[in-house]
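Trainee:
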Ligand SMILES: [Fe+2]
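Residue numbers (the numbering used here): -5 to 175.
1. In whole angstroms, what is the alpha-carbon distance linking residue 66 and residue 34?
2. What residue ranges within the region 12 to 74 form continuous alpha helix (DSSP H) runs of no fewer than 4 residues, ordered along the chain?
3. Suppose the cutoff is 6 Å on Cβ atoms and the five residues either side in sequence are ignored; what does the same chain contact list for residue 176 look like?
4. Look up residue 99 in the DSSP assignment and say whether it is helix, strand or coil.
5. Grab me the residues of residue 162's own chain with a C-beta within less than 8 Å of its C-beta, minus the 5 sequence neighbours each way, in chain order.
6. Between which two residues does the beta strand (DSSP E) harbouring residue 5 extend?
7. State the beta-bridge partners of residue 89 as determined by DSSP.
8. Reducing DSSP to helix, strand and coil, say where residue 111 ends up.
9. Taking the beta strand (DSSP E) that residue 155 falls in, what are its first and last residues?
10. Hey, out of 56, 86, 54, 169, whose CA is closest to residue 31's CA?
11. Roughly how many angstroms lie between the CA atoms of residue 69 and residue 107, to the nearest whole one?
12. Flag this pair as yes or no: are the beta carbons of residue 63 and residue 51 separated by less than 7 Å?
13. Identify, in the order they occur along the chain, each residue of the same chain with its Cβ nearer than 7 Å to the Cβ of residue 36, setting aside the five sequence neighbours on each side.
14. If you follow the beta strand (DSSP E) that residue 160 is part of, which residue opens it and which one closes it?
15. Give me the pocket residues for ligand 1, defined as CB within less than 6 Å of any heavy atom, sorted by chain position.
16. Drop a sphere of 10 angstroms on the beta-carbon of residue 38, count the other beta-carbons inside from all chains shown, and report buried for 16 or more, exposed for fewer.
17. Is residue 133 near residue 94, with beta carbons less than 7 Å apart?
18. If you drop the 5 nearest sequence neighbours on each side, which residues of the same chain put their C-beta closer than 6 Å to that of residue 71?
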């Protein structure tokens, strides 16, 4: 039986799965970067390019709960700073170029919150970036159309809508601060 790159990714990820450690994150990143090497001749991948869905779930692990989504993005699409609650994850670029920045959350003595940008990385096809629990980040598609894999340790929709653990930030007078009430 032949298996495609998606099956290989799932199998590899399942085989290393466990509590979050440097090794685990490194191994999952390696398997996701392996997925980025999938040839366009694989039907599931050419279908993804043809569909260009805004969001599509490619896999959800019934035992461990990790989820692999793919997003088609157009040049200029900006997703403002947010975290992923308790989840960690990996963003990997299949096509296009996406700038990813990370921020630290600074709280003044009076309780006012502002974000300070730590760094900005241009992620190109074949490359990926790991975000650990609590990492605040934004993404900006600078070259599109792009295809972005979003691998997360758990279902982010649940973490957001049911557990209310996800924090989003909004820009006010040129400063990123906690989302508008
Ligand atoms: Fe994110």
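No residue lacks a Cβ here, since even glycine has one placed at the ideal position from N, Cα and C.
Mentor: Taking the coordinates as given:
1. For the purposes of this step, residue 66 is identified with residue 72 of the chain shown, where counting begins at 1. For the purposes of this step, residue 34 is identified with residue 40 of the chain shown, where counting begins at 1. Taking the straight line joining both Cα atoms gives about 16 Å.
2. 16 to 30, 37 to 45
3. Because the chain in this structure spans residues -5 to 175, residue 176 falls outside the shown range and cannot be described.
4. On the chain shown, residue 99 is found 105 positions in, with the first residue counted as 1. If DSSP states are grouped into helix, strand and coil, residue 99 belongs with the strands.
5. In the chain shown, residue 162 corresponds to position 168, counting from 1. Excluding sequence neighbours, residue 162 sits near 74, 75, 76, 173.
6. For the purposes of this step, residue 5 is identified with residue 11 of the chain shown, where counting begins at 1. Not the beta strand (DSSP E): residue 5 falls in the alpha helix (DSSP H), residues -1 to 10.
7. If you number the chain shown from 1, residue 89 lands on position 95. 141.
8. Taking the first residue of the chain shown as 1, we reach residue 111 at position 117. Strand at residue 111.
9. By 1-based counting over the chain shown, the position of residue 155 is 161. Careful: residue 155 lies outside any beta strand (DSSP E) and carries neither H nor E.
10. For the purposes of this step, residue 31 is identified with residue 37 of the chain shown, where counting begins at 1. For the residues 56, 86, 54, 169, the minimum Cα distance to residue 31 belongs to 86.
11. Reading the chain shown from its first residue, position 75 is the one you call residue 69. Reading the chain shown from its first residue, position 113 is the one you call residue 107. Approximately 30 Å between the Cα atoms of the pair.
12. Here residue 63 is taken as the residue at index 69 of the chain shown, counted from 1. Here residue 51 is taken as the residue at index 57 of the chain shown, counted from 1. It is a contact, given that the beta carbons lie within the stated cut-off.
13. Position 42 of the chain shown, counted from the first residue, corresponds to residue 36. Correct list, in chain order: -2, -1.
14. On the chain shown, residue 160 is found 166 positions in, with the first residue counted as 1. It is not in any beta strand (DSSP E) - residue 160 carries neither H nor E in the DSSP assignment.
15. 76, 78, 131
16. Here residue 38 refers to the residue found at position 44 when the chain shown is read from its first residue. Classification of residue 38: exposed, given that the 10 Å Cβ count is below 16.
17. Position 139 of the chain shown holds residue 133. Position 100 of the chain shown holds residue 94. Yes. Within cutoff.
18. Translated into the one-based positions of the chain shown, residue 71 becomes position 77. For residue 71, where only same-chain residues beyond five positions count, the Cβ hits under 6 Å are 135.
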